[in-house]
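To start, the structure itself, in structure tokens.
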Ligand code: GRG
């Protein structure tokens, strides 16, 4: 997919960690994980949702980049020995392999707080736009926090899945889905979207989050690195593929009220589905 959003996102992300007031080792560690070739899925979704609701890309760009900083922090912390204990990320040594565990914890802490500083430092000047911008920052905090992504990580580590006390879908919708949903809604808020459009974006994001996670689980299973608690191990490959198709269908349906302006998101759904069922 040719993507006009990517250069804007990359430029702002690189700029966000170029401040020489940040001590050099910390800055390098932050930049190592932030400016390092991710797909930029969450910021692209944020900008596409803003455009769908007829907002200006400039108004959503700091929010989109804030979400990506939070995503980068979550990956750094997830790779730590006390969490998922992974030595590699995006084909490179994980942050803690290069900068040590303390350096990685601090880079994650700094990226999380930097995200909110960056988003608020770029809040709109016009008072009439401020309310929606604050709503966007709030939805991002909710998606990232103790009822969102961190809740998902905590549930996964708690053993509740293994004990059959919660469903895989609940963990996934929090651990992976909550930040994707926050990105979509933040884009909608930045555009001043009406309630009908916000509901459509919310429903799209919930289904796209499920599709994304199933595709990720199928890719992990193909690479023989899946955990014993993912979609493929729980449901089997065929059922996982049909769940992916169902989620893609629901995601498209959710966008139906704004279908005229939803081509970017429709293409994203198709790309993720293709990866799942290839
Ligand atoms: C440490 C609080 C805390 C949370 C960690 C997001 C997360 C929660 C863990 C990541 C583990 C993981 C691999 C989850 C599966 C789905 C996922 C988030 C994959 C990585 O996202 P991509 O594919 O990554 O968007 P890129 O590299 O493209 O940015």
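In this note's numbering, the protein residues as written are 42 to 319.
Quick reminder that beta carbons are idealized off the backbone N, C-alpha and C, glycines included.
Counted as a single uninterrupted DSSP element, the stretch harbouring residue 62 is not any alpha helix (DSSP H), since DSSP gives it neither H nor E. Exclusion of residue 154 from the 6 Å shell around the ligand GRG follows from its C-beta lying no nearer than that to any non-hydrogen atom of the ligand. If one requires a minimum length of 4 residues, the alpha helix (DSSP H) runs lying completely within the segment 205-243 are 209-213, 219-231, in chain order.
Relative to the ligand GRG, the beta carbon of residue 59 is positioned no closer than 6 Å to any heavy atom. Taking a contact to require three or more Cβ pairs closer than 8 Å, the segment 209-225 and the segment 179-186 qualify as touching. Residue 134 counts as exposed, since fewer than 16 other C-beta atoms from the protein chains shown sit within 10 angstroms of its C-beta. Not a single heavy atom of the ligand GRG lies less than 6 Å from the C-beta of residue 273. Following the DSSP letters along the chain, one finds residue 141 inside the alpha helix (DSSP H) bounded by residues 136-162. Sorting 224, 313, 311 by C-alpha distance to the C-alpha of residue 89 places 224 at the top. The beta carbon of residue 241 lies closer than 7 Å to those of 295, 296, 298, 299 in the same chain, with the five residues before and after it left out.
Its chain contains 164, 165 as the residues whose beta carbon lies nearer than 6 Å to that of residue 174, once the 5 sequence neighbours on both sides are disregarded; these appear in chain order.
Look at residue 130 here: in three-state DSSP terms it is strand. With a cut-off of 6 Å, the C-beta of residue 217 is classified as near the ligand GRG, since at least one heavy atom of the ligand falls inside that distance. Runs of the alpha helix (DSSP H) spanning 4 or more residues and lying entirely within the segment 260-304 occur at 272-276, 278-295, in chain order. Residue 188 has its CB no nearer than 6 Å to any heavy atom of the ligand GRG.
In the structure shown, the three-state DSSP call for residue 100 is helix. Comparing alpha-carbon positions, the option among 132, 126, 119, 136 lying closest to residue 70 turns out to be 136. The ligand GRG never approaches residue 132 closely enough for any of its heavy atoms to be under 6 Å from the residue's Cβ. When 77, 45, 316, 94 are compared, the shortest CA-CA separation from residue 228 is found for 94.
For residue 49 against residue 102, the beta-carbon gap comes to about 6 Å, under 8 Å, which counts as contact. In the three-state reduction of the DSSP assignment, residue 93 falls in the helix class. DSSP places residue 53 in the uninterrupted alpha helix (DSSP H) bounded by 46-57. Under the Cβ criterion (8 Å, minimum of three pairs), the segment 268-286 does not count as touching the segment 72-90.
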